[in-house]
DNA sequence: GAAAGTGGTCTTTTT
DNA sequence: GACCACTTTC
């Protein structure tokens, strides 16, 4: 066959080749972890461009993150030519949605009442709107939690239900409440000329409904459609893709039911399970051979995922060498876990053969990153944290961005309130004045920004004839100041680049004054503000008329992973398991492999009546395990501080299925005893420890821990014959000893060697 | 009206 | 333990 020698097919196995060349009709690729699906996607698109002469703009590829899209684009460029890939439509569902809305500003305004300068609200903005809606409905935001309402609203939107649909379908009192809030929330969002994330999917569909010709246009354009991570799509995404693919039926989806980890975000696994029923004549291709990981890692992953009941049995396998055994290490608490991780990474990198950027540390909750970060900061090992408190969500960054957003969309009352509450120019303008201003704006059908600018005497042509809002006293002075400021900025906006506008904003808002205390915190915050300016310079080459739109859009749609900058390599990556999906690292540490954390306690609590959350937790662990290429470390702690309180924990049940042939465990000899002691005081006990021990052999601690020493923990009360009683503040594991730091009631802080000082444990709460 | 103090909630994961 | 929202105090 001629095709077998084609350069785009060399190096691909038979199944992968089939996926590349089966260009027409529906194709379902079930791709196990590390089976080369990205390769298949890039080669296939290159194949379409080169071999089938498909114009790039006829090819759509939807990925889970923008980063994945960009990387694919780069790889395709290398396969074809620099220019041949220009015009490919690639990005997330959300960016596709924005694209459709932005390409049709006139229709959007006429048909769905969305003005072209709409803003994309983030979660914090959404919470504000939801809270207002709740209050407006005469309900108490403390009882009716905005977050819960938002999750109900998001679910409704994911299922394309309007507020009226929710009202009609309401099955419970809760549903009725959600419906009421949803109604009001929507009304407010439209008033603010803002959309939320879900709207980016639902509004394009509403546009298509209102104007079928528009849909036909896109249907005609996208002759070849690809969707990655199909197992994590929700109902709206499914409908959008189905609609777009209707004409040509060339729909290529890639996914893995075992890696579905977003059901909580309304992802619907039946999308992938029913694909063959939806599309008659589907070609299904299974990619099972794992090229990424060692034999031991693949075996562990396989055994792990087999424990899920709700699953299609599908093996994963590899021909790679077995490699090192997986290392399971149990530590006393989260601090020990962190220092073990850092010490081990230091040991690994010291040889020079392993670089810090070969390593990732993964965890279930963002809260876990803090202790880890502290340990890294104390060490000399470079690291970076993906996610956590995101850059664009930092207070100081959001404050400055609020100015830009308000200049872009003067209806953005939420942003205006932020500016007034958080920046010096808002001083003196209280809630009462705000109320008057908003009433005025409503009455005159003008924006609150107009109302303020009118107070700036010389600068408001065209608005002078109107009566001013009846703002009096200090607030009036304040309104004049804010009005003048906004007037200046509004004028600058027309002609300035983003960084010039930034300087004007910082200058005129006196924002810097807030950071004059010279504390470390202030310096950091100011540095973040500066970083924002640098960030904006990226857009300085653009025309001022489009720069702001594009910048604000990019800010709203970047994901944590998108923000990963591969150019500043050389750092260990700290990342949540969710964000790690799709990535790979030679060496992976997974921290907190404990009951309550992985699986998360919420899933454990639901277990008796709903097994699904627990199985999703297992899939999440599976995703983590399969990120590792050469070496995998699992760590867990015997006790851990949550909510500022100590709680003892047990190794995760997920470990129980992993055979000893592939995993070596080093645990604390007394772990069972101390865990049990901790459980006696309240927490429900399970038989998990027993189960874990029956399948995984817990090797004797060997020389790694001196067994005779008492099990000192932070916050424990201890007694010393000379110094009296005190609290343990730190425990450092040494080779055959421990160094214990104790804050004595009468003698202050002392550092003692556990083997020498006769320290007695008094209380362990 | 602003700063300092108090109490309650919170942690699951994210485009 | 941290953060937020709300109260008290000046």
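Numbering (the numbering used here), first residue to last: 1 to 765.
Beta carbons: idealized from backbone N, C-alpha and C, even for Gly.
- Contact between residue 189 and residue 181 does not hold, since their C-beta atoms are separated by about 12 Å, which reaches or exceeds 8 Å.
- Residue 107 is positioned such that its CB atom lies closer than 9 Å to that of residue 210.
- Exclusion of the five residues before and after residue 155 leaves 266 as the residues of its chain whose Cβ lies within less than 7 Å of its Cβ.
- Excluding the 5 residues flanking it on each side, residue 717 has same chain C-beta neighbours closer than 7 Å at 725, 727, 762, 763, in chain order.
- If you look at residue 323, you'll find it isn't in any beta strand (DSSP E); DSSP assigns it neither H nor E.
- With contacts defined by Cβ atoms closer than 9 Å, residue 337 and residue 637 form a contacting pair.
- For the alpha helix (DSSP H) assignment, the uninterrupted runs of no fewer than 4 residues enclosed by the region 354-409 are, from N- to C-terminal side, 368-378, 395-408.
- About 23 Å separates the beta carbon of residue 80 from that of residue 285, a gap too long to meet the 8 Å contact definition.
- When Cβ pairs closer than 8 Å are counted between the two stretches, the region 640-648 is seen not to touch the region 274-282, the count staying below three.
- In the three-state reduction of the DSSP assignment, residue 177 falls in the helix class, which pools H, G and I.
- Less than 9 Å separates the beta-carbon of residue 205 from that of residue 236.
- The shortest CA-to-CA distance from residue 366 to any of 252, 56, 146, 600 is the one to 600.
- Looking at the DSSP output, residue 633 shares a beta bridge with 327, 589.
- Cβ-Cβ separation between residue 582 and residue 64: approximately 6 Å, consistent with a contact (criterion under 8 Å).
- Closest by C-alpha distance to residue 112, out of 178, 130, 187, 67, is 187.
- In the same chain as residue 407, and ignoring 5 residues on each side of it, the C-beta atoms closer than 7 Å to its own belong to 489, 490, 493, in chain order.
- Linking residue 379 to residue 585 through their CA atoms gives a straight-line distance of about 21 Å.
- According to the DSSP assignment, residue 214 belongs to the alpha helix (DSSP H) that extends over 212-221.
- Counting of Cβ neighbours within 10 angstroms places residue 169 among the exposed residues, the total staying below 16.
- Closest by C-alpha distance to residue 509, out of 497, 444, 420, 450, is 420.
- Excluding the 5 residues flanking it on each side, residue 357 has same chain C-beta neighbours closer than 8 Å at 569, 570, 571, 572, 573, in chain order.
- Taking 4 residues as the shortest admissible run, the region 21-73 contains the following complete alpha helix (DSSP H) segments, listed from N- to C-terminal end: 37-50.
- Going by beta carbons, residue 99 and residue 91 fall inside the 9 Å limit.
- The beta-carbon separation of residue 655 and residue 261, rounded to 19 Å, does not stay under the 8 Å limit for a contact.
- Bridge pairing for residue 79: absent [DSSP].
- In this structure, residue 291 sits away from residue 122, with a CB-CB distance that is not shorter than 9 Å.
- Along the region 225-255, the beta strand (DSSP E) occurs as fully enclosed runs of 3 or more residues at 251-255, listed in sequence order.
- Around the beta carbon of residue 274, fewer than 16 other beta carbons lie within 10 angstroms, which makes this residue exposed.
- Per the coordinates, the alpha-carbon of residue 597 lies some 29 Å from the alpha-carbon of residue 271.
- Straight-line measurement puts the Cα of residue 321 at about 30 Å from the Cα of residue 339.
- Where residue 575 is concerned, the enclosing beta strand (DSSP E) starts and stops at 572-576.
- DSSP, reduced to helix, strand and coil, places residue 316 outside both helices and strands of the structure shown, so it counts as coil.
- In this structure, the beta-carbon distance from residue 731 to residue 719 does not fall below 9 Å.
- A buried status is given to residue 47, since no fewer than 16 other beta-carbon atoms sit within 10 Å of its beta-carbon.
- The criterion of a C-beta distance shorter than 9 Å is not satisfied by residue 529 and residue 425.
- In this structure residue 85 touches residue 49 by the C-beta definition: roughly 7 Å separates them, less than 8 Å.
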